[in-house]
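Here's the structure we're looking at; comments come further down.
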Amino acid sequence: MGNNLLKGKKGIIFGALDEKSIAWKTALKCFDEGAQLVLTNAPVALRMGEINKLAEAVNAPVIGADVVNMDDLKNLFQKSMEHFGGKIDFILHSIGMSLNVRKGKHYTELNYEWNQKTLDISAVSFHRVLKTAWDMDALNEWGSVVALTYIAAQRVFPDYNEMADAKSLLESITRSFGYHYGVKNKVRINSISQSPTRTTAGSGVKGFDGFMNYAEKMSPLGNASGEDCANYCVMMFSDNSRMVTMQNLFHDGGFSFTGVTQAVIEQMEK
Ligand SMILES: NC(=O)c1ccc[n+]([C@@H]2O[C@H](COP(=O)([O-])OP(=O)(O)OC[C@H]3O[C@@H](n4cnc5c(N)ncnc54)[C@H](O)[C@@H]3O)[C@@H](O)[C@H]2O)c1
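Residues in the sequence shown are numbered consecutively from 130, following this note's numbering.
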């Protein structure tokens, strides 16, 4: 049982693929905190059918949208506002896809056509979502928009490949659009930089287990789980974080500011 932190608020959640998805866990928490929701994902993901279970649990319609298709996004916002009977208070962008990673291309050998698609789906899509909302005046004042990102945007993690570039762009769009939407409508826009988390997208990164164990040992609090991330999203959608905007918020148990830990030193001495 929640604390009604999102009572009366209406939100769109992008990217719930299956119950491991961060978006899935966030939808459950938002519902528990009193929000009304619309769920969306790419038509190909909807065909898996898993999302219907979530839709039932959070009493939400599912409206398909390929996030790089502007007509799909327009239709999504139009139908969402009809469903809610008014404007939207929060959006979660929980979308990532790398064609070069999927097809095993090394960072030094990128296929640029695939690279363009990766950047479009994983980063420019955030601009597309925000521009659609802006053009349709779909967000309430003090609305809150969150995108999920990873620290490879700032530091090198070699196997994160082209997604590191995509996340850098995503974080830049967060700041730039955050400025304009803040001035226009007091809408706030932030990214949450999450610990490695065992999901379909996460596990696509080469050497993910080693990656995850290393992060666990390098974080004073340990890795943040998907549930922890969902709780943080709820806080960012709530009125308790009203003056936070244009930030990249590390949600990683302290990993981002740790130089080394005793556990890693001991490992190196073996
Ligand atoms: N899992 C991790 O370790 C981790 C760490 C930090 C940040 N993140 C980020 O969290 C977000 C969510 O990923 P996740 O780990 O929950 O994995 P996930 O695979 O469950 O979610 C990724 C989602 O993106 C959707 N998607 C892909 N192409 C799309 C398109 N064209 N249109 C609409 N939706 C599309 C997929 O259908 C899927 O639902 C991503 O941005 C990811 O980069 C993940």
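Just so you know, even glycine gets a beta-carbon here, dropped at the ideal spot from N, CA and C.
In this text, all values refer to a predicted model and were calculated from it rather than measured experimentally.
Handout entry: 8 angstroms Cβ cutoff met for R327 and K149
Key = The answer is yes: Cβ separation under 8 angstroms.
Practice task
Taking P349 as the reference, give the member of D147, D381, R231, S305 with the closest Cα.
Solution key: Per the Cα distances, D381.
Practice task
List in chain order: all unbroken alpha helix (DSSP H) runs of 4+ residues lying wholly within the segment 247 to 274.
Solution key: Qualifying alpha helix (DSSP H) stretches, in chain order: 254 to 264.
Practice task
Check whether the segment 312 to 327 touches the segment 269 to 281, taking contact to mean three or more Cβ pairs, one atom from each stretch, closer than 8 angstroms.
Solution key: The segment 312 to 327 makes contact with the segment 269 to 281: 3 or more CB pairs, one atom from each, lie closer than 8 angstroms.
Practice task
Please check the pair A194 and T169, which I expect to be a contact at CB under 8 angstroms, by giving their CB distance rounded to whole angstroms.
Solution key: The beta-carbon separation of A194 and T169, rounded to 5 angstroms, stays under the 8 angstroms limit for a contact.
Exercise for the section: Give a single yes or no on whether D195 has its beta carbon closer than 7 angstroms to a heavy atom of ligand 1. Expected result: Distances from the CB of D195 to the heavy atoms of ligand 1 include at least one below 7 angstroms.
Problem - K208 versus F219: straight-line alpha-carbon distance, rounded - result: Between K208 and F219, the C-alpha separation is close to 15 angstroms.
Practice task
May I ask whether a heavy atom of ligand 1 can be found less than 7 angstroms away from the beta carbon of P325?
Solution key: In this structure, P325 has its beta carbon less than 7 angstroms from a heavy atom of ligand 1.
Handout entry: Neighbourhood of A156 by C-beta, 7 angstroms cutoff - its chain only, sequence neighbours within 5 removed
Key = Beyond the five residues adjoining it in sequence on each side, A156 comes within less than 7 angstroms, by CB distance, of I142, A145, L166, L168, L183, V187 in the same chain, given in chain order.
Practice task
With DSSP as the reference, label V285 as helix, strand or coil.
Solution key: Reduced to three states, the DSSP call for V285 is coil.
Exercise for the section: Tell me whether the beta-carbon of F337 lies closer than 8 angstroms to the beta-carbon of T261. Expected result: Not a contact, by the Cβ cut-off of 8 angstroms.
Exercise for the section: Alpha carbon to alpha carbon, how far is I180 from L447? Give it in angstroms, no decimals. Expected result: No answer is possible for residue 447: the residues shown for the chain start at 130 and end at 399.
Handout entry: Environment of K138 [buried if 16+ CB atoms lie within 10 Å]
Key = Counting the other Cβ atoms within 10 Å of the Cβ of K138 gives 16 or more, which makes it buried.
Exercise for the section: Specify, as a first and last residue, the run of the alpha helix (DSSP H) that L298 falls within. Expected result: Residues 292 to 314.
Exercise for the section: Reducing DSSP to helix, strand and coil, say where Q165 ends up. Expected result: Strand, per DSSP.
Practice task
May I ask you to check if the CB of I302 is nearer than 7 angstroms to at least one heavy atom of ligand 1?
Solution key: In this structure, ligand 1 has no non-hydrogen atom nearer than 7 angstroms to the beta-carbon of I302.
Problem - First and last residue of the uninterrupted beta strand (DSSP E) at E218 - result: Just to set this straight, residue 218 is Asp in the shown sequence, not Glu. First-last of the beta strand (DSSP E) with D218: 217 to 222.
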